[in-house]
Amino acid sequence: MTHGPIDSELFDAHVPKGRQWLLWVLYKLMWRTFFGVIIGLRYHWSKTPHPLGPVIYVANHNSHLDGMSLMTIVPSHRIHLTHSVAAQDFFGNSGFRRWSMKNLVNAVLISRSKREADVDPVQLLDAMIRQGHSLILFPEGTRGVPGVMADFKRGVGHLASRHPDVPVIPVYLDGLYRNLPKGRSIIVPLGGTLVMGDPVYFPEGTSVDDITEQTQAAIHNMAEELRQQNQVPDHGR
Amino acid sequence: MNKLIDLWDIAAELQWVIFIILCILVASSVAWNLWNFLKPGKLVQELLVRTRSWWIMCACFIVTTLAHPIVTHVGLAFLSFALCREMYPLLKLDVRERNVVLVCYGVIPIQYTLAYLGMTTLFLAFIPVLMFVFIPFLLVVKGETQGIVRSISLMPYSLVAWVYGMSHLALLFQLPDIPGFTAGPQGLLLYLIFLVGINDVLQFAWGKTLGRRAVLPKVSPNKTWEGLVGGVLSVSLIAVGLRFLTPLEPWQAALTGFCVAVMGFMGDAIASGIKRDLGIKNSGNAIPGHGGYLDRLDGFSAAAAPFFHLVYFFSVTSAA
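Taken in order, these protein sequences are the chains called A and B.
First residue of the first sequence? That's 298 in our numbering, and the numbers climb one at a time after it.
First residue of the second sequence? That's 5 in our numbering, and the numbers climb one at a time after it.
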């Protein structure tokens with residue numbers, strides 16, 4: 298491995314005091330109530346207890362609400378250490394957006410283009426995990442077509458293969474795109490489901506492609522399972 | 005009627021009905037747990053889950069009913085909202101009709117405010133007359149006429165079925181003073197909740213024990229003639245027994261109970277038909293063991309308006 302910049306230069310792990318309280322009030326209290334009561338989002342919790350240390354949450358992406366809903370399932374004691382990974386070119390293009398993404402969403406912005414001048418996103422995220430932070434990834438890379446899951450990019454694979462001790466939690470989000478579709482700005486409550494999968498540990502030496510593929514397959518299975526749960530059995534109600 | 009707890013400043017009738025509800029819940033919880041302990045099985049597991057949900061539902065209903073009328077109105081409005089929100093995505097009214105869906109949600113607080121302010125005439129006309137024209141017009145204004153007949157029929161239907169019907173419960177607060185009647189609108193509300201709830205339970209119970217012939221074999225094989233008749237008769241009797249919550253005479257209470265049970269069954273059957281067409285088993289899973297909001301409230305929203313009008317006719321119109 299080449300000697301790149303050290304972790305603390307890439308990412309300042311210090312979280313200001315008060316950020317945890319702000320995020321807790323915002324997500325565990327306000328957004329959680331909003332999702333539960335107004336939007337009608339149903340949570341299907343995982344049966345296994347949530348891991349204590351850093352985690353990589355991976356979810357499908359169709360709406361701006363996705364990141365918010367993911368933050369509400371993070372345990373309270375780690376909420377200030379959990380960062381959604383968002384696109385620099387979209388969320389970093391105005392001062393207000395940059396400020397709110399940093400302070401209200403606790404997001405980290407990465408560049409989607411592959412220019413020389415940019416910091417390598419994988420290196421940055423790797424440094425964050427090594428300093429004990431959790432990540433929320435949307436490996437489809439964009440919100441895409443409503444209700445359709447695009448192929449995953451390999452970022453998850455790169456990160457998980459470097460950290461066999463950090464579990465990946467696949468999350469399937471169904472129907473949030475109806476509440477706030479791409480290109481709209483008003484939220485119309487129309488329900489949805491959040492299925493939280495069991496944490497997956499990938500043993501050392503699993504290839505990047507395998508991890509990416511398996512994560513995508515896990516989310517696909519969760520989608521299929523949810524679809525079948527709601528269907529009428531052949532004989533009567 | 006004497007108060008159960010003297011220091012608690014709610015009407016004696018309400019204290020008694022809450023006491024009865026608690027007795028039924030405790031008795032069924034004890035019975036199912038005992039049954040589960042002696043002979044565990046699938047049916048008793050389902051009964052346990054359902055009873056646990058009934059505990060929570062009863063607690064929510066009782067607390068919102070006894071609280072300030074504004075809280076009761078907000079609670080009822082939330083039920084209407086939850087029904088619409090649950091059904092719109094299933095009816096595929098989402099991205100294209102977004103703005104009109106938002107208008108439909110906006111109708112809910114207006115309708116309940118009209119009820120709260122006692123503007124009865126406008127309340128009665130607002131949805132079936134005004135919104136019946138306004139909402140289809142909004143859909144037409146968008147300029148896309150493909151499939152518009154579907155949304156024109158569904159959206160006013162949803163408002164009438166889940167908002168207009170349900171909001172008649174808020175109108176119970178506007179009944180004029182009836183001499184000798186002390187339980188108040190809260191009493192009438194708990195009376196209806198009790199009847200519709202016990203109607204579902206009894207039709208389920210009679211159907212499970214004696215049920216042979218299905219009423220609507222193609223729609224819902226679980227609804228049997230035995231369950232329907234047994235349920236309707238027992239609910240009529242219970243309605244007479246609980247009539248201390250109402251200003252009704254015994255025969256009037258029996259007729260009200262009969263109508264509530266039959267309307268509850270009809271609402272249930274309509275909801276089953278809708279769900280069958282949509283290819284779903286339950287409208288959601290908000291209430292463990294019961295399904296979604298619609299699965300539990302279908303009978304309730306169908307019985308609400310007839311109940312209001314029966315009470316109004318018997319105790320106001322014909323008494324005058």
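The beta carbon of each residue, even a glycine, is placed where N, CA and C say it ideally should be.
Just the C-alpha distance for residue i and residue j, rounded to the nearest angstrom, thanks.
i, j, result
"A/Val405", "A/Gly350", "19 Å"
"B/Ser32", "B/Leu206", "13 Å"
"A/Glu522", "A/His341", "12 Å"
"A/Leu421", "A/Glu306", "10 Å"
"B/Leu179", "B/Pro189", "8 Å"
"B/Phe311", "B/Val264", "7 Å"
"B/Phe177", "B/Thr125", "15 Å"
"B/Leu143", "B/Met135", "12 Å"
"A/Trp321", "B/Trp39", "44 Å"
"A/Val453", "A/Val465", "9 Å"
"A/Arg535", "A/Met368", "Examination of residue 535 of chain A is not possible in this model, given that chain A is present from 298 through 534 alone."
"A/Tyr469", "B/Leu249", "48 Å"
"B/Leu42", "B/Glu50", "16 Å"
"B/Ser344", "B/Leu128", "Residue numbering for chain B in the displayed model covers 5 to 324; residue 344 of chain B lies beyond these limits and cannot be assessed."
"B/Leu282", "B/Lys96", "10 Å"
"A/Arg451", "A/Leu323", "31 Å"
"A/Gly533", "B/Met270", "A caution first: A/Gly533 carries a pLDDT of 39, below 50, which makes its placement in the model unreliable, though a value can still be read off. Distance between the alpha carbons of A/Gly533 and B/Met270 is about 18 Å."
"B/Ala273", "A/Gly389", "53 Å"
"A/Leu362", "B/Val153", "32 Å"
"B/Val23", "A/Gln526", "Rather than Val, the amino acid found at residue 23 of chain B in this sequence is Phe. So the alpha carbons of these two residues sit roughly 38 Å apart."
Note down, in chain order, every chain A residue with its Cβ under 7 Å from the Cβ of residue i.
i, result
"B/Pro93", "Gly472, Arg475, Leu487 and Gly488"
Count the other C-beta atoms from every protein chain shown that fall within 10 angstroms of the C-beta of residue i, then say buried if there are 16 or more, exposed otherwise.
i, result
"B/Asn6", "exposed"
"B/Met159", "buried"
"B/Ser287", "buried"
"B/Leu18", "buried"
"A/Asp531", "Because the pLDDT at A/Asp531 is just 47, under 50, the model does not fix this residue reliably, and the point stays unresolved."
"A/Ser391", "exposed"
"B/Glu148", "exposed"
"B/Tyr161", "exposed"
"B/Val30", "exposed"
"B/Cys88", "buried"
"A/Ile376", "buried"
"A/Thr299", "Here A/Thr299 scores only 49 on pLDDT, less than 50, and its place in the model should not be relied on; the value that follows carries that caveat. The residue is exposed, with fewer than 16 neighbouring Cβ atoms inside 10 Å."
"B/Thr213", "exposed"
"B/Ile139", "buried"
"A/Asn518", "exposed"
Among the options, which has the Cα closest to the Cα of residue i?
i, options, result
"A/Ile483", "A/Lys314, A/Leu326, A/Ser305 and A/Ile336", "A/Ile336"
"A/Gln511", "A/Val355, A/Ser360 and A/Asp423", "A/Val355"
"B/Val104", "B/Tyr120, B/Phe141 and B/Gln115", "B/Phe141"
"A/Ser504", "A/Pro486, A/Pro461 and A/Leu434", "A/Pro461"
"A/Ile370", "A/Leu338, A/Leu456, A/Arg316 and A/Pro443", "A/Leu338"
"A/Pro313", "A/Leu477, A/Ala457 and A/Lys399", "A/Lys399"
"B/Thr260", "B/Ile278, B/Tyr316, B/Asp281 and B/Leu301", "B/Tyr316"
"A/Leu487", "A/Phe332, A/Gly494, A/Arg475 and A/Lys479", "A/Arg475"
"B/Leu52", "B/Ala218, B/His313, B/His294 and B/Leu314", "B/His294"
"A/Leu319", "A/Asn357, A/Leu434 and A/Leu378", "A/Leu378"
"B/Ile14", "B/Gly45, B/Phe65, B/Thr69 and B/Cys64", "B/Thr69"
"A/Val497", "A/Gly315, A/Ser343 and A/Gln317", "A/Ser343"
"A/Val445", "A/Arg459, A/Pro478, A/Asp417 and A/Ala424", "A/Pro478"
Under 8 Å Cβ to Cβ from residue i, same chain only, skipping five residues before and after it: list those, please.
i, result
"A/Asp309", "none"
"A/Arg409", "Ala384, Gln385, Asp386 and Gly438"
"B/Val320", "Leu179, Pro180 and Ile182"
Below 9 Å on C-beta distance, what does residue i contact in chain A?
i, result
"B/Lys146", "Correct list: empty, because the minimum Cβ distance to chain A is about 15 Å."
"B/Val205", "What B/Val205 touches in chain A: nothing, since even the nearest Cβ is about 17 Å away."
"B/Arg89", "Ile335, Ile336, Gly337, Pro486, Leu487 and Gly488"
"B/Ala290", "Gly337 and Arg339"
"B/Arg102", "Arg475, Pro478, Arg481, Ile483, Val485 and Leu487"
Whose Cβ in chain A lies nearer than 8 Å to the Cβ of residue i?
i, result
"B/Leu106", "Ile483 and Val485"
"B/Val99", "Pro443, Arg475 and Pro478"
"B/Asn40", "Correct list: empty, because the minimum Cβ distance to chain A is about 22 Å."
"B/Ala71", "Those within 8 Å of B/Ala71 in chain A number zero; the least Cβ separation is about 17 Å."
"B/Ala325", "Since the first residue shown for chain B is 5 and the last is 324, residue 325 of chain B is missing from the structure and cannot be characterised."
Using the beta-carbon of each residue, which ones in chain B are nearer than 8 Å to residue i?
i, result
"A/Arg563", "This structure gives no information on residue 563 of chain A, because the portion of chain A shown stretches from 298 to 534."
Near residue i, which residues of its chain fall below 7 Å by C-beta distance, leaving aside the five closest residues on each side in sequence?
i, result
"B/Arg216", "Thr228 and Glu230"
"B/Ala258", "Ser240, Ala243 and Val244"
"B/Met170", "Leu80, Leu83, Ser84, Ser305 and Ala308"
"B/Trp210", "Glu230, Gly231, Gly234 and Gly235"
Is the CB of residue i under 8 Å away from at least one CB in chain C?
i, result
"A/Gly337", "The structure shown contains no chain C; its protein chains are A and B."
For residue i, which residues from the same chain have a beta carbon less than 6 Å from its beta carbon, with the 5 sequence-adjacent residues on both sides left out?
i, result
"B/Asp299", "Asn286 and Ser287"
"A/Pro372", "His347"
"B/Asn203", "Gly235, Val239, Ala265 and Gly268"
"A/Asn359", "Arg440, Pro443 and Tyr474"
Following a CB-centred definition, is residue i positioned closer than 7 Å to any heavy atom of the ligand GDP?
i, result
"B/Phe136", "Here there are no bound small molecules, and the ligand GDP is not part of this structure."
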